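Counting with this note's numbering, you get residues 12 to 270 for the letters of the sequence shown. These notes concern the structure reproduced below.
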Amino acid sequence: MKPSVNLNISQTTRHIRRDPLYPLTARFYLKQFVLLVLTALFFIWLSRDESWDMALTRLWFDPVNHQFPWKDNRWLDVINHRLLKDLVIGGGVLLLLAGLLRRQARWVLVALMMGIGPLVVGILKSGSTHSCPWDLVQFGGEAVSYPLFGTVPANSGPGHCFPGGHASSGFSAMALFFLFYPRWPRLALLYWWIAVAVGLAMGFGQMMRGAHFLSHNLWAAWWVWLTQCVTFGCVTLLFKRRRGIDHDGSAKPVDVSQH
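What follows is the structure, encoded as C-alpha cells:
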C-alpha cells in the first residue's frame, strides 16, 4: 500500500505552480491500484485466518480475571483515544481554514480528504456485524467471532467493530502526501509514513484495551488510502476537464455554441 514516488518532476512542477489541482499521472494511480489489490489479498487472508488477531490480542488479556486490564486505563484513554485523535482532527481543521483564507484549493481538498477517509470507515463500521474482542467468548464476552466473508452466526454480538474507526483518524493524515507530492516527493513520503505510524500507534492502543484486532486497524488504513486516492483523482480530473486543460498544459478551444 506504499505510494509510488516516481514522477517526472521537471514536467509537472510548472503546471502545479499554475494549477494547484493538477492531476497526477495514470501511472501513479495504476501503481496504487496494484498495491491496494496486493495488500487487500494479504489482509483478507489475515482476517480469515484469525490466528494473528487472536494471538496478539491474547497478549493483553488476563485469563484469570477474564478481562483486559488496560481497558479502562486512564492514559490510554486520555492520550491515545482522545488527545491524538483531537490533534489530528484539529490539524485538519486548521489546514481547511488556512486553505480557505489563502484560497489554496489543494489545501482545502487535502483537508477534506482527511475527513472523508474516516467517514467511509465509520459508515462501513456502522453496518458491520463483527464484534470487538472484548465482546467475544474467547475474551470474557458472549459473542461468537467469525472470519471475514464468513457466515454470520446468530449470536455474533453487538457488531459495529470493523474496520477500526479510531485508527482511521491517525491514518487520515496520509492525505498530506498529496499536499507535497510531486514537488517534494520525499517529504510527501515522509508524511505518509508518519501518518501510518500514528494510525498504527492509535490502533495498537485500542488492541491493548481489547477494542480492536490488528486486522481491523490494517483494513482501516486500506480504506482510508483507497478513499483518498479515488477522491484526489476524481476531483483533480474533474477540475482539469472543466478548465479545458490538455496533457501538455495548453488551453483547449472552447465551443461557444454549447454555452
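Every residue gets a Cβ at the ideal spot worked out from N, C-alpha and C, and that includes glycine. Only a predicted model underlies this, so the values are computations on that prediction, with no experimental measurement involved.
Quick one: Cα of L52 to Cα of H227, how far? One-based indexing of the sequence shown puts residue 52 at position 41. One-based indexing of the sequence shown puts residue 227 at position 216. C-alpha separation (whole angstroms): 14 Å.
Touching by the beta-carbon criterion (3+ pairs, under 8 Å), the stretch 34 to 44 and the stretch 68 to 81: no
With 16 as the cutoff for other CB atoms within 10 Å, does P14 come out buried or exposed? As a first step, residue 14 is located in the sequence shown; it is residue number 3 there, counting from the start. By the beta-carbon neighbour count (other beta carbons within 10 angstroms, threshold 16), P14 is buried.
Measure the alpha-carbon distance for P264 versus T238 and round it to whole angstroms. Locating residue 264 in the sequence shown gives position 253, counting from the first residue. Locating residue 238 in the sequence shown gives position 227, counting from the first residue. Caution applies to P264, whose pLDDT of 42 falls short of 50 and renders its modelled position unreliable; the value that the coordinates give is listed next. Looking at the two C-alpha atoms, the distance is approximately 33 Å.
Taking 8 Å as the threshold (C-beta atoms), are F189 and V121 in contact? Here residue 121 refers to the residue found at position 110 of the sequence shown. Here residue 189 refers to the residue found at position 178 of the sequence shown. Against a cut-off of 8 Å, the Cβ pair of F189 and V121 comes out as a contact.
For A154, the three-state DSSP class (helix, strand or coil): Position 143 of the sequence shown holds residue 154. DSSP places A154 in strand when its eight states are reduced to three.
Status (buried if at least 16 other CB within 10 Å, exposed otherwise) for L111: Start at 1 with the first residue of the sequence shown, and residue 111 comes out as number 100. Looking at its Cβ environment, which holds fewer than 16 other Cβ atoms inside 10 Å, L111 is exposed.
Under 6 Å Cβ to Cβ from C172, same chain only, skipping five residues before and after it: list those, please. Position 161 of the sequence shown, counted from the first residue, corresponds to residue 172. Cβ neighbours of C172 beyond the five flanking positions: H141, S142, C143.
Cutoff 8 Å: C245 Cβ touching any chain C Cβ: Annotation note: the requested chain C is absent from the structure, which comprises a single protein chain.
By alpha-carbon positions, which one of L130, D88, P158, L46 ends up nearest to R220? Numbered from its first residue, the sequence shown carries residue 220 at position 209. When only C-alpha atoms are compared, the closest one is D88.
Is P169 buried or exposed, if buried means 16 or more other CB atoms sit within 10 Å of its CB? Working through the sequence shown from its first residue, we reach residue 169 at position 158. Label assigned to P169: exposed.
Cβ neighbours of A186 in the same chain (closer than 6 Å, five flanking residues each side left out): The residue given as residue 186 occupies position 175 in the sequence shown. Apart from the 5 residues on each side of it in sequence, A186 sits with its Cβ closer than 6 Å to the Cβ of V121, M124, M125, Q239 in its chain, given in chain order.
Would you kindly work out how many angstroms separate the C-alpha atoms of Y66 and F150, rounded to a whole number? On the sequence shown, position 55 is the one that residue 66 refers to. On the sequence shown, position 139 is the one that residue 150 refers to. According to the sequence as given, residue 66 is Ala; it is not Tyr. F150 has its alpha-carbon roughly 12 Å from the corresponding atom of A66.
I'd like the span of the alpha helix (DSSP H) that includes L249, first residue to last. Translated into the one-based positions of the sequence shown, residue 249 becomes position 238. 225 to 253 is the span of the alpha helix (DSSP H), which, as asked, contains L249.
Return helix, strand or coil for D83, following the three-state DSSP convention. Position 72 of the sequence shown holds residue 83. Three-state DSSP puts D83 in coil, outside helix and strand.
By the DSSP assignment, the alpha helix (DSSP H) with Q43 in it spans what residues? Within the sequence shown, the letter at position 32 stands for residue 43. Taken as a continuous stretch (DSSP letters only), the alpha helix (DSSP H) holding Q43 covers 37 to 60.
Taking only runs that begin and end inside the stretch 147 to 216, name each unbroken alpha helix (DSSP H) of 4 or more residues, in chain order. 176 to 182, 188 to 191
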